[in-house]
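When we follow my numbering, the leftmost residue of the sequence shown carries the number 1422, and every step to the right adds one.
Down below is the structure, laid out as structure tokens.
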Amino acid sequence: MTFPPGQNITITGAGIISPLGMGWQANERSMAADRTAFRPVDLFDTRELIAKTAGVVNLPAENLFHRISAHKQPYIDRGTRMLLLAVREALAQAGRENMEGIDAMVIGTSAGAMPLGEAYFEHAQHDAGRVPSQLSRAEHYQPQRQMSSIAAEYDWHGPIIIVSNACASGANAIGWAADMIRSGRARRVLAGGYDALARLVFAGFDSLHALAPSGIPRPFDAQRDGLALGEGAAVMLLEAEDARQSPALGEISGYATATDLHHLTQPDPEGKAAIRTMTAACTQAGVSPAQIGYINSHGTGTPFNDVAEAAAIAAWAGEAVGRIPVSSTKSAMGHLLGGAGAVEAVICLMALQGQWLPASLNVREVDPAVRFDLVRQFRRAPLDYALTNSFGFGGTNATLVLQRRSA
1422 MTFPPGQNIT
1432 ITGAGIISPL
1442 GMGWQANERS
1452 MAADRTAFRP
1462 VDLFDTRELI
1472 AKTAGVVNLP
1482 AENLFHRISA
1492 HKQPYIDRGT
1502 RMLLLAVREA
1512 LAQAGRENME
1522 GIDAMVIGTS
1532 AGAMPLGEAY
1542 FEHAQHDAGR
1552 VPSQLSRAEH
1562 YQPQRQMSSI
1572 AAEYDWHGPI
1582 IIVSNACASG
1592 ANAIGWAADM
1602 IRSGRARRVL
1612 AGGYDALARL
1622 VFAGFDSLHA
1632 LAPSGIPRPF
1642 DAQRDGLALG
1652 EGAAVMLLEA
1662 EDARQSPALG
1672 EISGYATATD
1682 LHHLTQPDPE
1692 GKAAIRTMTA
1702 ACTQAGVSPA
1712 QIGYINSHGT
1722 GTPFNDVAEA
1732 AAIAAWAGEA
1742 VGRIPVSSTK
1752 SAMGHLLGGA
1762 GAVEAVICLM
1772 ALQGQWLPAS
1782 LNVREVDPAV
1792 RFDLVRQFRR
1802 APLDYALTNS
1812 FGFGGTNATL
1822 VLQRRSA
């Protein structure tokens, strides 16, 4: 079945789970207070690692899935539980009790249920005879099985698309969902991203010396020394304008993706692909750089990334660059990997709704490469358009442009 193409892509519900809080209101309060959420990691042993802190989500202890048998509950990982909570909030905000009428689900992730893979390896080494448990770990380790658990919770049987291109996964999932509606392939799509902290991923970033030894990231600071990892999930319910049944919170008005083909883990110093995605996303949205009221930057706090993104923003914005407010919310919650782009898109939606700008925290001396208006404290400001950048390993880049809607 196809639907009329060229529809406005409205957002009628959004859910967000991050180290700053469970849900929209908790996250908004934390950002208004310029709060950070880094603490010592207690999910796995960090004694032999340089970094020892991260943005950790305080998940509720009770079982969140009601349609999964008790003996399968231990195989529901942290990331899947966060995603379910984000889905619940998004549906509730849209006035829905279930997923009836939703045409597809598009979810981005980078690590998936990596802790289950780690457990599989440990048991294979020390207790290889417990085959039934190992089969369950292998089964639930696969991202499609995690998505199936979400679908089963709502007795929903629609198509599921999984996007996994590193730290741009969540943004690309939302962009892909918007394109499905824009092209007439769907009318309602649930889209977002998630990732949970995992020992293997944490150790990998640590071995690259990408993590800040202090545990505190300082995006766009002249003496920044690395990122901090975090975890979380965010989901949006996207609907074609003529199909929506709830008030619109905002719109996805522009999306673009590109690959810079520069290096496996380092960005192109000139940010050429980032320039292309920002330009193309704004062209699709029908706006100029001067009309963008806020940019949620990729802003990891690593020496290479921040300079490349600052250069890209300056080249893209031209003379308007000094008037564009920019911040990195990773400074408060860490880098959520496959969930980052989705969480940051919801933060942009929150900023458009509340008419405020979240801060880039922990900055002591602004890097000379910064030519934009770096937001260093929460501030109130009028804005109609927000842009969010997500860049991933392998050179993948994604940009979303969101537009304010009051009804």
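Yeah, the Cβ is synthetic: ideal placement off N, Cα and C, and Gly gets one too.
Same chain, Cβ closer than 6 angstroms to residue i, neighbours up to 5 away in sequence not counted
| i | result |
| --- | --- |
| A1831 | Summary: the structure shown does not reach residue 1831, with the chain confined to residues 1422 through 1828, and so no result is reported for it. |
| M1520 | Y1575, W1577 |
| N1810 | S1718, H1719, T1820 |
| A1592 | G1762, S1811, A1819, L1821 |
| Q1712 | Y1806 |
| L1808 | I1713, I1716, V1822 |
| A1491 | none |
Residue range of the alpha helix (DSSP H) that includes residue i
| i | result |
| --- | --- |
| I1696 | 1693-1706 |
| G1762 | 1761-1775 |
| G1436 | First-last for G1436: 1430-1439, but that is the beta strand (DSSP E), not the alpha helix (DSSP H). |
| L1504 | 1499-1514 |
| S1590 | 1590-1603 |
Where residue i falls, given that 16 or more other Cβ within 10 Å makes a residue buried
| i | result |
| --- | --- |
| S1439 | buried |
| R1609 | buried |
| V1791 | buried |
| R1785 | exposed |
| D1400 | The first residue shown for the chain is 1422 and the last is 1828, placing residue 1400 beyond what the model contains. |
| S1451 | buried |
| H1830 | Coverage of the chain is limited to positions 1422 through 1828, which leaves residue 1830 absent and any answer about it impossible. |
| P1518 | The residue you asked about is not Pro; residue 1518 is Glu in the sequence shown. By the 10 Å Cβ count, E1518 comes out exposed. |
| L1621 | exposed |
| K1493 | exposed |
| N1479 | exposed |
| L1682 | exposed |
| E1730 | buried |
| D1829 | With the chain running from 1422 to 1828 in the structure shown, residue 1829 is simply not present. |
| P1789 | exposed |
| G1739 | exposed |
| E1765 | buried |
| P1481 | exposed |
| D1727 | buried |
| Q1546 | exposed |
| N1484 | exposed |
Where residue i falls: helix, strand or coil (DSSP)
| i | result |
| --- | --- |
| D1616 | strand |
| H1547 | helix |
| T1467 | coil |
| Y1715 | strand |
| S1554 | helix |
| A1525 | strand |
| V1610 | strand |
| D1627 | helix |
| R1450 | helix |
| I1734 | helix |
| G1540 | At residue 1540 the sequence reads Ala, which differs from the Gly that was named. It is helical. |
| G1442 | strand |
| A1649 | coil |
| A1677 | strand |
| D1455 | coil |
| L1758 | helix |
| L1912 | Limits of the chain in this structure are 1422 at one end and 1828 at the other, which puts residue 1912 out of reach. |
| L1621 | helix |
Span of the beta strand (DSSP E) around residue i
| i | result |
| --- | --- |
| P1746 | 1746-1748 |
| T1817 | 1817-1825 |
| S1752 | Counting along the chain, S1752 falls outside any beta strand (DSSP E), though it belongs to the alpha helix (DSSP H) covering 1751-1754. |
| M1657 | 1653-1661 |
| P1668 | That residue, P1668, is in no beta strand (DSSP E); it is neither H nor E in DSSP. |
| R1785 | It is not in any beta strand (DSSP E) - R1785 carries neither H nor E in the DSSP assignment. |
| R1566 | From DSSP, R1566 is part of no beta strand (DSSP E) but of the alpha helix (DSSP H) over 1564-1574. |
| V1584 | 1581-1584 |
| P1461 | 1459-1461 |
| S1811 | 1806-1813 |
| A1475 | 1474-1476 |
Beta-carbon proximity list for residue i, same chain, < 7 angstroms, skipping 5 on both sides
| i | result |
| --- | --- |
| G1599 | First, the amino acid is wrong: residue 1599 is Ala here, not Gly. Only I1430, L1659, I1673, Y1676 meet the Cβ criterion. |
| T1698 | A1677, T1678, A1679, N1818, A1819, T1820 |
| R1801 | Q1776, W1777 |
| R1834 | Missing from the structure shown is residue 1834; the chain here goes from 1422 to 1828 and no further. |
Beta-carbon contacts of residue i that lie in its chain and below 8 angstroms, excluding the five residues immediately before and after
| i | result |
| --- | --- |
| P1803 | G1714, Q1776 |
| G1579 | M1520, I1523, D1524, A1525, M1526, A1572 |
| query | Is it a yes or a no for the stretch 1691-1708 touching the stretch 1673-1682, going by three-plus beta-carbon pairs under 8 angstroms? | reply | Touching, yes.
| request: Specify whether the stretch 1662-1670 and the stretch 1528-1541 touch according to this definition: at least 3 beta carbon pairs, one from each stretch, less than 8 angstroms apart. | output: no
| message | Check whether the stretch 1746-1756 and the stretch 1776-1786 are in contact - that is, three or more C-beta pairs closer than 8 angstroms. | response | By the Cβ test, the stretch 1746-1756 is in contact with the stretch 1776-1786, since at least three Cβ pairs between them sit closer than 8 angstroms.
| query | Do three or more CB pairs link the stretch 1648-1656 to the stretch 1471-1479 at distances below 8 angstroms? | reply | For the pair of segments examined, the stretch 1648-1656 was found to touch the stretch 1471-1479: the number of CB pairs separated by less than 8 angstroms reaches three.
| request: Determine contact between the stretch 1495-1515 and the stretch 1611-1619, defined as no fewer than three beta-carbon pairs at a distance below 8 angstroms. | output: yes
| Sufficient close CB pairs (3 or more, under 8 angstroms) joining the stretch 1753-1772 to the stretch 1449-1464 | Flag = yes, the stretch 1753-1772 and the stretch 1449-1464 touch.
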